[in-house]
Structures are given as C-alpha cells and as structure tokens.
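One structure below.
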Amino acid sequence: MEKAVVIGRNYCNILTTARALGSAGYEVEVIKVFKEKPNAMKFLRTMKPDAKSKYVSSYRELVVGSDENAIADCLLEFAEGTKKLLVPVDDYVCCAVDRSLDELSKYFFAPCVNGTGGEIIRLMDKNEQKRQAEKYKLPLLQSCLIKSKNGKFSIPDDVHYPCFIKPNVSMKSTKDAMRKCENQNELFKVLAAYAGNGDFEMLAEEYAQIKNEYSLLGFSTGNRAITSGVFRVVEGGHHDRKGVALMGETVNPDGFDEIIEKCSRFVEGIGYIGMFDIDLIENTDGKMYFVEINFRAGASTYALNELGVNLYGMYADYIMKGKPADENARVKESKLFISEKVLMEEFARGDISASQVRRYMNSADIFFVKSKDDMKPYEYFRKFYFLSALVRILYKVKG
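Numbering of the sequence shown is given in my numbering, commencing with residue 13 and proceeding in unit increments.
Below, the structure written as structure tokens:
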C-alpha cells in the first residue's frame, strides 16, 4: 500500500483526512502536533479520537516548543526509500513544511507553489492574495493594510467606513481580533489596544452586509484545479472559533460556475499543487466576493466524501499513481454536516446550551467524528462531554 503522512494540530481535520485516505486504499501515518503541551484548563486539546481510527496505522505526538525545525526533523524520521504523500491539515504545519520543502521533497510529495519553498508562506498574506486574485478578475472588497511598529501605526485616508478588520496572516493572530469598526475613531482605539500587545498587520476591509458565506473545496495538480464541492456556512463559531463552521450545508455548485472558473484560473496561475479551500461571501445584493484561499483542506471536505466524492482520494491517486482526476465529480446534494469538535468547544465556553447541542446533533446528516464505519473515535470522544461541562462551570466562575 502507498503511504500517506497526515500531520497537524486539529484532531478533527486529522481524523477526517485519515478516513478519506484510508478508505481510498492508503496506509495512513499520523503526527499530532502541539505548539506547547496543553495545561489542565485546555485539556480538550489533548483529546485524540483520531488515534482510535481503524484507518490510522501509526500515531505519534510532537510538542514543538521553540524549535522551528522540530516538525521537519520529525517528518524525516518517517522517510523511507519510496516517497510518501505528505498532507498538512492546518496553516501552522503548512508553513513548517513549506519552510523545509527542499529537504522534505526528497522523501515526500508535499503541497507547494511552483516547487519552491517559502511560496506558500508568502501567499498566506491576504493582501498578497488579493493582489494575485485581482489579476484573474475575482471580485474583491476594497481593503487597506495597516501595520504597527513599536506601538506606532497610521490609518490610511482611503479606509471605507464602516470597516471590518482581520489579521493579514491568520496564523499570526487570534480570530478574536476580527471585528467591525464604525468610524476612524473606533478603528484607532481598537488598533491602539492591539499595538500595546505587540506589532501587528491588519486588513481594514470595507464592511459587507453578508447574506451567505461559502467555501469552494478542491485540489490542484499545478496545471488544473478541480473543484468538486461547495458548502454554505449555516452556523459559525465564537471567540477563537470565528470563521470556523460549526454547521454547514453542501450546495449544488452549478450556480457558481463563473466564480469557480475564475478561482480555478487563480489557483492554476500561482502554480499551486495540493488541497485547497477558497472562502467566498455573498452580499445582500447577491454579489459574490473572494475572501481568501487556504492551502490545505478543512474537515468540511469530508462531507463530500460521505456523499460519494472522495476528494482526498482523487488527489492522492493523481499524485501517487498518476491517475487522471475526474473533473466531473461534483456533489450536488444538499446535506447538513456538523463538527462535533466545534460543538463541544462552543458548549464548554458557554456559547451554546446542552439542549442546543442535542438539537444540532439531531438535525445533522453528516458527522466528522461519528461514523458507523469507524465508531471507536466517537466512543472515545463522547466521554469528554462530562469534562467539558466542568470546563463550562469554570468559565462561568471566571466571569
């Protein structure tokens, strides 16, 4: 069996990726990464339902600490005579792999841009993404980049108010930093508070009256981008889970042909090889806008797998076996999916009630942890609801 190494910090992304690759006939080795060892208050991060999956042949945990070479060094221990598929499932690990691409590419088929290390890192900059996307006539919201240095910053005169601010590079800041600012005075106060905590790079984007948020799910061979599914965010998370779908719905991509075509040309034009998802927003006037591209796939890709299109399997077969991708493979059914990980974290933080947890679970058609074909991860996962209730009490006590 050809081998794939799935590496990342999010057990839900790891688990869904392992299932997709395993069911496509690949032997899956997992490396679970921690920046720091979680403390007692963050014990939910120590959960490992991914380790219980029947599709995982080996499982290793890695605490990186301050060693920026730790991920590459660990991966090299998995190197063998035959190249393996390397699948990072979050931005932090994508960057670590891209930083060491020259060395790792001797032993792994890794995501890359034009085969050049550092290019994915460069393109994680949202301002740079917009500059590239403009070449392919993708519709964009007007935005300005604001940087601080040693606590000082200036606000450009051409910021449109109200504006929406967000980190220029998601990995370098918390999603709690995202918010609406009505005017320049409010924007200044918010940015001044951020500057007091260190240098920042923020995008001030014209505020959109959002009707729907969508993601295009696919992979690129470098010459051809394949988009096999679209989902709509039904319910998003709070706090550091902002921008993450708690519940989503797969939608028929046929009505998205024009923007899918432009996004495909964009992905192909930058020379990307790997899995991707592209975030879009639909304004209340019905106009669609490009938001950003993620150079990896999230757990939502698994919803396509459950509806008969194994996007990870198609990608792996192309890379490992040279099998042509089925460009006509598209999910057109409308089904609701739920992330049990986000659901539990929302409950633990007190953002939703126990009755809402039950309502979400009862209304979903597709689950990321729960699977009739692979039940042990969910059996393990369910035990943590009692502990998450204790965390919920602690958050209430802390106020």
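Each residue gets a CB set at the ideal place from its N, CA and C atoms; glycine is no exception.
With DSSP as the reference, identify every bridge partner of residue i, one or two as the case may be.
i: C175; result: C193, E218
i: F243; result: S227, T262
i: I285; result: C124, T233
i: Y301; result: I293
i: V403; result: Bridge partners of V403: none, in fact.
i: I238; result: F231
i: A16; result: V40, L97
i: V75; result: F46
i: A257; result: G248
Can you tell which of the options has the C-alpha that lies nearest to the C-alpha of residue i?
i: D377; options: G362, N340, I405, Y314; result: Y314
i: E357; options: K299, M287, L258; result: L258
i: E247; options: V125, G255, K178; result: G255
i: D289; options: M136, L33, T58, R72; result: M136
i: E270; options: G249, N295, K299; result: K299
i: N25; options: N162, V99, H250, Y407; result: V99
i: T239; options: E318, N322, E225, A108; result: N322
i: E89; options: E41, V101, K64; result: E41
i: F268; options: R236, Y226, C193; result: Y226
i: E39; options: A328, F398, D363; result: A328
i: K66; options: Y104, V101, L27; result: L27
i: V242; options: E115, A145, L319, V18; result: L319
i: D169; options: L116, F200, M287; result: F200
i: K147; options: F349, K96, S276, A36; result: S276
i: R21; options: S35, Y330, K60, V303; result: K60
i: D102; options: C193, E217, V18; result: V18
Assign residue i to one of two classes, buried (16 or more other C-beta atoms within 10 Å of its C-beta) or exposed (fewer than that).
i: Q221; result: exposed
i: M332; result: buried
i: E391; result: exposed
i: Q154; result: exposed
i: K388; result: exposed
i: T94; result: exposed
i: G127; result: exposed
i: G210; result: exposed
i: V75; result: exposed
i: R371; result: exposed
i: S78; result: exposed
i: N317; result: buried
i: E339; result: exposed
i: M13; result: exposed
i: N51; result: exposed
i: Y407; result: exposed
i: E304; result: buried
i: L229; result: buried
So is residue i in contact with chain B if we call contact Cβ pairs under 8 Å?
i: G241; result: Considering every chain present, this structure includes no chain B. It has just one protein chain.
Can you list, in chain order, the residues of its chain whose CB lies under 8 Å from that of residue i, leaving out five sequence neighbours each side?
i: R111; result: E80, A84, G129, G130, I133
i: Q196; result: I167, V171, Y173
i: S346; result: E261, T262, V263, N264
i: L215; result: K138, N139, S155, C156, L157, I158, I177, K178, P179, N180
i: Q144; result: L135, F278, G281, I282
In its own chain, which residues sit with a C-beta less than 6 Å from the C-beta of residue i, not counting the 5 before and 5 after it?
i: N374; result: none
i: Y284; result: V125, S232
i: T58; result: P50
Tell me which same chain residues have a C-beta within less than 7 Å of the C-beta of residue i, skipping the five on either side of it?
i: V369; result: L355, F359
i: A311; result: C24, N25, T28, S351, F380
Please specify which runs of the beta strand (DSSP E), each continuous and at least 3 residues long, are wholly inside the segment 115–183, giving them in chain order. 155–161, 175–179
Go through the segment 38–71 residue by residue and report every complete run of the beta strand (DSSP E) that reaches 3 residues or more, in order. Within the segment 38–71, the complete beta strand (DSSP E) segments at least 3 residues long are 39–46, listed from N- to C-terminus.
Residue ranges of each alpha helix (DSSP H) within the segment 348–396, 4 or longer: 352–360, 366–375, 388–394
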